[in-house]
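Peer 1: Sharing a structure below in structure tokens format, with a few things to ask.
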Amino acid sequence: MIDLKYHITSIVAIFLALGLGVLIGSSIVGDNLLVDQQKKMIDRLEEQFYVLRDKEDKLEADNEYKTNIISNYENYSQTVLPLLVEGRLKGYKAAVVVTGDSEVPAGMANALSNSGAEVVSQIILLSNMNLESPELRSRLINFYNLDGKTSRDTLRHYVAVSVAAILNGIDEPGLVTFLEQNNLIKFSGNNRVPLNGVVLLGGANNLNSYFAESFDQGLVSYFNEKGIKVYGVEQSQVAYSYMSVYQNNNISTVDNIDLSPGQISLVLAMEGEAGDYGMKPTAKKFMPSLLVDNPGER
1 MIDLKYHITS
11 IVAIFLALGL
21 GVLIGSSIVG
31 DNLLVDQQKK
41 MIDRLEEQFY
51 VLRDKEDKLE
61 ADNEYKTNII
71 SNYENYSQTV
81 LPLLVEGRLK
91 GYKAAVVVTG
101 DSEVPAGMAN
111 ALSNSGAEVV
121 SQIILLSNMN
131 LESPELRSRL
141 INFYNLDGKT
151 SRDTLRHYVA
161 VSVAAILNGI
171 DEPGLVTFLE
181 QNNLIKFSGN
191 NRVPLNGVVL
201 LGGANNLNSY
211 FAESFDQGLV
221 SYFNEKGIKV
231 YGVEQSQVAY
241 SYMSVYQNNN
251 ISTVDNIDLS
261 PGQISLVLAM
271 EGEAGDYGMK
281 PTAKKFMPSL
291 LVDNPGER
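Note that this note's numbering has the sequence shown beginning at 1, numbered continuously upward.
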């Protein structure tokens with residue numbers, strides 16, 4: 001679309017320039033061969049312009065049609081989603097950690113709720129996790145009793161282990177308060193409930209919010225050692241994807257959690273269909289196999 005508009009703009013500019021040339025040429029030398037050639041060129045350019053304009057109109061109509069189809073398919077998928085996930089995770093206790101700069105999609109929360117899973121706790125990373133402030137870095141170094149030259153990535157790794165411990169119910173007294181007072185995390189829920197799994201919502205649109213190799217990897221490593229399943233998810237459109245980092249840690253991933261197929265994939269992955277699902281090059285499969293059965297028989 002952009003190239004086509006540029007082409008049309010170029011033709012219009014040439015058209016106007018030649019028109020001006022014809023006007024000037026006519027006023028100076030009258031009707032001659034040069035003016036006739038310019039007029040013929042203008043006629044050809046005018047013909048190309050109308051052809052390209054028709055193509056642009058058709059492309060815009062085609063894009064609008066396809067957008068409507070996609071929207072209708074998403075609406076349809078949201079309609080059937082409860083039937084596909086109902087009761088699959090009954091009694092499942094989950095925690096959600098938002099590590100990127102995306103909000104939890106409403107559809108993801110609804111899918112987990114419809115499946116019977118309960119999100120018992122949630123932690124959101126805050127902007128101070130970039131550790132730009134020397135004073136904040138100094139407080140963290142003192143809190144964890146580390147060397148004064150400890151890097152930001154190492155500090156984030158320590159915070160990640162602390163966050164994992166909080167969710168696992170074995171945090172030190174005052175740990176949550178310390179991390180919240182320094183605007184590193186926001187915690188809500190009950191961390192005294194044993195977890196079946198953790199959903200990690202990554203993906204960043206700002207490089208200052210990208211902590212996949214430091215924070216996310218530290219948190220995943222902790223839960224892998226404890227035998228608690230982790231599921232890495234992100235929205236379908238992010239500037240900096242976390243999928244490859246998650247997959248290097250051997251956890252199931254979903255790269256389109258903002259869409260109903262991704263929400264269904266998450267529920268089925270948590271039910272036991274491990275895999276890397278979605279639409280991006282890192283995905284191995286679009287969705288898990290759908291085995292529709294009677295929820296009462298599960």
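Think of the CB as a built atom: it goes at the ideal place given N, C-alpha and C, for glycine as much as any other residue.
Excluding the 5 residues flanking TYR240 on each side, which residues of the same chain have their C-beta closer than 6 angstroms to its C-beta?
Peer 2: ALA204 and TYR210
Peer 1: Using DSSP with H/G/I as helix, E/B as strand and the rest coil, what is ASP255?
Peer 2: Note: ASP255 maps to coil in three-state DSSP.
Peer 1: So, helix, strand or coil for VAL306, using DSSP?
Peer 2: Absent from the structure is residue 306, since the part of the chain shown begins at 1 and ends at 298.
Peer 1: If you check the beta carbons only, do VAL161 and GLY107 fall under 7 angstroms apart?
Peer 2: no
Peer 1: Quick one: which unbroken beta strand (DSSP E) runs of 3-plus residues sit fully inside the region 176-232? Chain order, please.
Peer 2: 185-189 and 197-201, all fully within the region 176-232.
Peer 1: If distances are taken between C-alpha atoms only, which option among ALA164, GLU273 and ASP62 comes closest to GLN215?
Peer 2: A quick correction: the sequence has Phe, not Gln, at residue 215. Residue ALA164 is the option with its Cα nearest to PHE215.
Peer 1: Look at ILE124 and VAL159 and say whether their C-beta atoms are less than 7 angstroms apart.
Peer 2: no
Peer 1: For ILE123, which of helix, strand or coil comes out of DSSP?
Peer 2: strand
Peer 1: With a threshold of 16 other CB atoms inside 10 Å of the CB of LEU191, please say whether the residue is buried or exposed.
Peer 2: Note that residue 191 corresponds to Asn in the displayed sequence, not to Leu. So ASN191 ends up on the buried side.
Peer 1: DSSP three-state label for ASP101, please.
Peer 2: Looking at ASP101 - three-state DSSP - the assignment turns out to be coil, as it is neither helix nor strand.
Peer 1: CB ARG111 to CB VAL267, shorter than 7 angstroms?
Peer 2: The residue you asked about is not Arg; residue 111 is Ala in the sequence shown. Closer than 7 angstroms, so yes.
Peer 1: Does TYR246 pass the burial test, meaning 16 or more other C-beta atoms within 10 Å, or should it be called exposed?
Peer 2: buried
Peer 1: What residues in its chain sit with their C-beta under 8 angstroms from that of VAL193, if we drop five residues either side in the sequence?
Peer 2: LYS93, VAL120, SER121 and GLY169
Peer 1: Does DSSP put ASP54 in a helix, in a strand, or in coil?
Peer 2: helix
Peer 1: From ARG298 to LEU89, what does the alpha carbon distance come to, in whole angstroms?
Peer 2: Note that ARG298 scores a pLDDT of 46, beneath 50, so its modelled location is shaky; the value from the coordinates is reported in the next line. Distance between the alpha carbons of ARG298 and LEU89: 10 angstroms.
Peer 1: In its own chain, which residues sit with a C-beta less than 8 angstroms from the C-beta of SER155, not counting the 5 before and 5 after it?
Peer 2: Reading off the sequence, residue 155 comes out as Leu, not Ser. Closer than 8 angstroms at the Cβ level, and outside the excluded window around LEU155, lie LEU131, ARG137, LEU140, ILE141, TYR144 and LEU146.
Peer 1: Return helix, strand or coil for ALA95, following the three-state DSSP convention.
Peer 2: strand
Peer 1: Less than 7 angstroms separating the beta-carbons of VAL238 and VAL230?
Peer 2: no
Peer 1: Where do the N-terminal and C-terminal ends of the alpha helix (DSSP H) with GLU271 fall, by residue?
Peer 2: 260-271
Peer 1: Considering only C-alpha positions, which residue in the set SER265, LEU184 and LYS58 is nearest to SER133?
Peer 2: LEU184
Peer 1: Identify whether TYR277 lies in helix, strand or coil by the three-state DSSP scheme.
Peer 2: strand
Peer 1: Whose C-beta lies closer than 7 angstroms to the C-beta of GLY296 among residues of the same chain, with five residues either side of it excluded?
Peer 2: Annotation note: pLDDT 48 at GLY296 (below 50); position unreliable, no value reported.
Peer 1: Give me whichever residues DSSP pairs with GLU118 in a beta bridge.
Peer 2: LYS93
Peer 1: How is the alpha helix (DSSP H) around PRO134 delimited, first residue to last?
Peer 2: 134-143
Peer 1: Report whether the distance from the Cβ of SER138 to the nearest heavy atom of the ligand MG is below 6 angstroms.
Peer 2: Of ligands this structure carries none, so the ligand MG is not represented either.
Peer 1: Can you tell me which of the three DSSP states TYR240 falls into?
Peer 2: TYR240: strand per DSSP, three-state reduction.
Peer 1: Let me confirm a value: GLY91 is counted as buried when at least 16 other C-beta atoms fall within 10 Å, else exposed. Which label applies?
Peer 2: With fewer than 16 other Cβ atoms within 10 Å, it is exposed.
Peer 1: Nearest to ASN248 by CA position, among PRO261, GLU135 and ASN224, is which residue?
Peer 2: It is ASN224 whose Cα lies nearest to the Cα of ASN248.
Peer 1: Since LYS285 sits in a beta bridge, which residues does DSSP pair it with?
Peer 2: TYR277
Peer 1: From which residue to which residue does the alpha helix (DSSP H) around LEU146 run?
Peer 2: Per DSSP, LEU146 belongs to no alpha helix (DSSP H) and is neither H nor E.
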